[in-house]
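Read the structure below first, then the notes.
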Amino acid sequence: MIINMIVADNVALHFPCAGFRSGHAPPVLLAGRNPCRRRPAAPRPVTPIGDQMILKWVTPTLAAAPTVEDYTFRNLTTMAANGKVVSEMISWIKSQKLIAPRMKDAPTFYRNLEEALDVRRSTQSLMTRGQSTWKTGDAIDFCSNDLLSLGLTGELRREFLAELARHPDFSLHSGGSRVMGGNYDYIEEVEQEIADFLGAETALMFNSGSNGNIAIYTAIPRPGDAIVYDELVHFSTHTGMAASLATTKVAFRHNDLDAFREAMSSTMDSHPMLQDGSRSILVSVESVYSMDGDVCPLVEMLEIAREICPKGNFAFIADEAHATGVVGPRGVGLVKLLGLENEVAIRLNTCGKALACTGSVVLGNATVRNMMLNYAGSLVNTTAPSFPSVAVIRAAYNLMRTGATQKAQDNIQHLVKYFFKSITSSDIWDKAADMGILSIPVAEDYESLDFVTHIVPIWTRQKYNWWLFFHLQLAKIAVVPIDYPQVPKGKSRVRVMIHAGNTEQEVDYLVATLCDFANEMIDIEEGGEKGKIPKAAQEIYALMAANA
7 MIINMIVADN VALHFPCAGF RSGHAPPVLL AGRNPCRRRP AAPRPVTPIG
57 DQMILKWVTP TLAAAPTVED YTFRNLTTMA ANGKVVSEMI SWIKSQKLIA
107 PRMKDAPTFY RNLEEALDVR RSTQSLMTRG QSTWKTGDAI DFCSNDLLSL
157 GLTGELRREF LAELARHPDF SLHSGGSRVM GGNYDYIEEV EQEIADFLGA
207 ETALMFNSGS NGNIAIYTAI PRPGDAIVYD ELVHFSTHTG MAASLATTKV
257 AFRHNDLDAF REAMSSTMDS HPMLQDGSRS ILVSVESVYS MDGDVCPLVE
307 MLEIAREICP KGNFAFIADE AHATGVVGPR GVGLVKLLGL ENEVAIRLNT
357 CGKALACTGS VVLGNATVRN MMLNYAGSLV NTTAPSFPSV AVIRAAYNLM
407 RTGATQKAQD NIQHLVKYFF KSITSSDIWD KAADMGILSI PVAEDYESLD
457 FVTHIVPIWT RQKYNWWLFF HLQLAKIAVV PIDYPQVPKG KSRVRVMIHA
507 GNTEQEVDYL VATLCDFANE MIDIEEGGEK GKIPKAAQEI YALMAANA
């Protein structure tokens with residue numbers, strides 16, 4: 007089958023179509039070639055028919071074949087003008103304009119706030135409420151937290167409504183905080199179910215993962231305690247540590263066992279109360295790191311801690327936000343998968359990632375729970391989760407506990423490995439990797455791993471990071487650009503999240519689009535034309551100029 011498409015400068019453009027239907031992978035438009043194969047350095051001319059050219063239409067088998075009309079568009083500018091993707095881009099561009107210089111006569115209070123916001127705007131890093139295009143079906147979702155696709159499929163909604171139907175007289179309000187009149191039987195029952203399922207003595211619910219983390223670090227460390235933490239722990243962990251009573255906080259290089267050993271040894275050696283066993287070292291880690299997608303070497307770290315602290319005065323705190331639901335049989339997380347439930351003192355399991363709802367659960371023994379009930383301000387002074395909030399968490403854990411999510415877990419494993427195999431076996435990969443144009447550290451030796459994670463950071467040259475993001479966005483692939491302050495300066499990357507609901511065809515399209523970017527950047531670098539930028543960046547910069 008063939009379609010006609012307007013082209014610019016007699017060169018085929020590799021952009022997806024304006025309106026593919028939700029749940030369908032868009033076609034890969036090819037000018038008689040595979041975009042993952044190396045293109046010649048100079049653009050290949052094509053034979054025009056009038057002002058049009060013939061392109062082969064290659065599309066994978068879909069549940070319902072789209073029509074040609076679904077995929078016909080006149081030119082990139084027309085497509086962009088009508089597209090949700092570009093309308094969101096324009097909204098974002100406008101939000102980055104400096105405001106404080108125009109506020110000379112405004113009240114000092116607001117002008118000072120806008121000056122602070124302008125610091126972000128000056129580097130195009132102001133965060134806004136813009137809606138991601140995957141939510142409207144205008145892009146493929148490679149960015150959301152709906153990892154098991156429980157939200158996409160409606161499976162969680164059905165289980166949630168069934169849970170509500172089993173309790174038709176439920177109350178909409180809790181009536182107070184957990185220690186000030188807001189406790190009730192149902193929340194205690196669900197907490198104990200979760201604790202039993204995950205091999206913990208107790209569980210305690212919070213309204214968010216951030217609140218749970220802050221509660222842990224403001225309630226648990228005692229004066230004289232020390233915290234040794236991985237440098238890449240979550241922002242909320244840093245917030246909690248900053249407000250904690252711990253005397254010392256020492257970071258170690260991410261997932262580096264030698265650095266961890268050094269941090270533990272130096273901390274122990276410099277604190278007599280740690281040496282005599284009267285105070286403890288708290289070790290803060292994440293099971294799966296949200297920005298790098300790699301896994302904590304928990305077993306080895308515990309061995310080092312036992313060696314450095316022969317009196318046993320250490321405790322591990324593991325944030326399992328990105329392991330809950332996707333790691334281990336039935337999604338029990340890394341700690342239980344490794345059989346370390348009794349070795350890790352505290353676990354934080356969030357509900358806003360794979361479980362497709364909100365809230366979190368802190369797992370520990372009765373002492374840990376009582377400390378948080380008494381000393382965690384984010385629990386003591388916050389209204390307890392309402393019945394519907396608890397019911398949807400129970401619904402999610404019901405699906406996990408009964409094995410209903412295992413197939414989704416297995417599909418994530420399949421798709422991530424499929425992506426790694428496809429991208430690393432493409433003809434362009436070795437050259438792009440050698441030149442620093444594409445890099446995927448988590449793909450290294452993936453075949454030897456017991457499991458892979460859903461988080462796939464795509465690295466390129468730092469100056470190309472936004473160009474890669476623009477390329478993917480205009481290709482209707484929804485991803486997240488990770489930049490400072492989410493990560494240290496010089497560590498920017500584009501984060502891909504692979505979900506159970508993605509398809510091999512969508513992964514193929516992602517691979518083709520990444521290869522297309524790599525091809526274009528290799529052409530630019532080898533062409534030696536100073537100041538040349540890729541087509542997607544040209545489109546975005548043109549939008550910026552038009553909306554200046």
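Under our numbering, think of the first position of the sequence shown as 7, with each following residue one higher. C-beta atoms are modelled at their ideal positions from N, C-alpha and C, and glycine is treated no differently.
Grab me the residues of residue i's own chain with a C-beta within less than 6 Å of its C-beta, minus the 5 sequence neighbours each way, in chain order.
| i | result |
| --- | --- |
| Phe-176 | Phe-393 |
| Tyr-381 | Ala-225 |
| Tyr-295 | Leu-238 |
| Gly-29 | Caution applies to Gly-29, whose pLDDT of 37 falls short of 50 and renders its modelled position unreliable; the model cannot decide the point. |
| Val-398 | Phe-166 and Cys-363 |
| Lys-538 | Ile-530 |
Give every residue of the same chain whose Cβ lies closer than 8 Å to the Cβ of residue i, excluding the five residues on either side of it in the sequence, and list them in chain order.
| i | result |
| --- | --- |
| Asn-387 | Ser-183 |
| Leu-263 | Pro-303, Glu-306, Met-307 and Ile-310 |
Going by DSSP, what residues sit across from residue i in a beta bridge?
| i | result |
| --- | --- |
| Val-294 | Val-301 |
| Trp-465 | Ser-445 |
| Tyr-235 | Ala-257 and Ser-290 |
| Leu-153 | In the DSSP output, where bridge partners are listed per residue, Leu-153 has none listed. |
| Ser-183 | Thr-389 |
| Ile-146 | Ile-483 |
Nearest-angstrom Cα distance between residue i and residue j?
| i | j | result |
| --- | --- | --- |
| Glu-268 | Ile-323 | 19 Å |
| Arg-285 | Thr-253 | 10 Å |
| Val-350 | Asn-217 | 20 Å |
| Leu-154 | Thr-408 | 15 Å |
| Leu-96 | Gly-299 | Sequence check: residue 96 is Ile here, not Leu. So the alpha carbons of these two residues sit roughly 31 Å apart. |
| Val-338 | Ile-429 | 30 Å |
| Val-52 | Lys-541 | Interpretation of Val-52 is limited by its pLDDT of 32, a score under 50 that renders its predicted location unreliable; the figure taken from the coordinates is listed afterwards. Each residue's alpha carbon lies about 18 Å from the other. |
| Arg-312 | Pro-335 | 28 Å |
| Thr-270 | Asp-325 | The identity of residue 270 in the sequence shown is Met, whereas the question assumes Thr. Roughly 19 Å between the two C-alpha positions. |
| Ile-464 | Asp-440 | 15 Å |
| Thr-84 | Ser-93 | With a pLDDT of 35 at Thr-84, under the threshold of 50, the predicted position of this residue should be treated as unreliable, though the coordinate-derived value follows. Cα to Cα, Thr-84 sits roughly 12 Å from Ser-93. |
| Ala-321 | Ile-193 | 27 Å |
| Glu-120 | Thr-134 | 14 Å |
| Pro-227 | Leu-251 | 6 Å |
| Val-486 | His-460 | 14 Å |
| Ala-171 | Thr-142 | 30 Å |
| Cys-357 | Val-396 | 11 Å |
| Glu-199 | Arg-400 | 9 Å |
| Val-448 | Ala-402 | 29 Å |
| Phe-476 | Leu-421 | 24 Å |
| Ser-431 | Val-301 | 24 Å |
| Asn-348 | Phe-426 | 35 Å |
| Trp-435 | Ala-518 | 11 Å |
| Asp-416 | Ala-551 | 46 Å |
| Leu-385 | Asp-191 | 18 Å |
| Val-502 | Met-377 | 38 Å |
| Pro-566 | Pro-174 | Outside the shown range of the chain, which is 7 to 554, sits residue 566, and nothing can be said about it. |
| Asp-451 | Tyr-515 | 23 Å |
| Ile-352 | Leu-455 | 26 Å |
| Leu-478 | Phe-241 | 27 Å |
| Arg-375 | Thr-411 | 29 Å |
Quick one: what's got a C-beta closer than 7 Å to residue i's C-beta in the same chain, skipping five residues either side?
| i | result |
| --- | --- |
| Ala-484 | Ser-138, Thr-139, Trp-140, Ala-145, Ile-146, Asp-147, Phe-148 and Cys-149 |
| Gly-187 | Gly-181 |
| Gly-246 | Asn-219, Ile-220, Ile-222, Tyr-223 and Thr-224 |
| Phe-457 | Val-333 and Gln-419 |
| Asp-152 | Leu-158, Ala-362 and His-505 |
| Ala-414 | Leu-154, Ser-155 and Ala-506 |
| Ile-99 | Leu-549, Met-550 and Asn-553 |
| Ser-101 | Leu-132 and Thr-134 |
| Arg-117 | Ala-106 and Met-109 |
| Arg-259 | Glu-237 and Ala-265 |
| Gly-283 | Lys-317 and Asn-319 |
| Arg-467 | Gly-442 and Ile-443 |
Closest Cβ-Cβ distance between residue i and chain B: below 9 Å?
| i | result |
| --- | --- |
| Glu-450 | Structure shown: chain B not included; a single protein chain is present. |
Review point. Any chance the segment 484 to 496 sits against the segment 505 to 515, with 3 or more Cβ pairs inside 8 Å?
Key: Taking 8 Å as the limit for Cβ pairs, the verdict is that the segment 505 to 515 does not touch the segment 484 to 496.
Practice item. Evaluate the contact criterion for the segment 523 to 535 versus the segment 427 to 446: three or more CB pairs, one atom per stretch, below 8 Å. Key: Flag = yes, the segment 523 to 535 and the segment 427 to 446 touch.
Point to revise | Inside the segment 319 to 384 only - beta strand (DSSP E) runs reaching at least 3 residues | key: Counting only runs of at least 3 residues, the segment 319 to 384 fully encloses the following beta strand (DSSP E) elements, listed from N- to C-terminal order: 320 to 325, 352 to 356 and 366 to 370.
Check your understanding: Looking at C-beta atoms only, is the number of pairs between the segment 206 to 216 and the segment 364 to 383 that lie closer than 8 Å three or more?
Key -> Under the three-pair Cβ rule at 8 Å, the segment 206 to 216 counts as touching the segment 364 to 383.
Exercise for review: Starting from the N-terminal side, write out each stretch of the beta strand (DSSP E) that is 3 residues or longer and does not extend beyond the segment 190 to 250.
Suggested key: Counting only runs that start and end inside the segment 190 to 250, the beta strand (DSSP E) elements of at least 3 residues fall at 208 to 212 and 232 to 236.
Point to revise | Segments assigned beta strand (DSSP E), at least 3 residues, entirely inside the segment 460 to 548 | key: Counting whole runs of 3 or more residues, the segment 460 to 548 contains the beta strand (DSSP E) stretches 461 to 464, 486 to 488 and 499 to 503.
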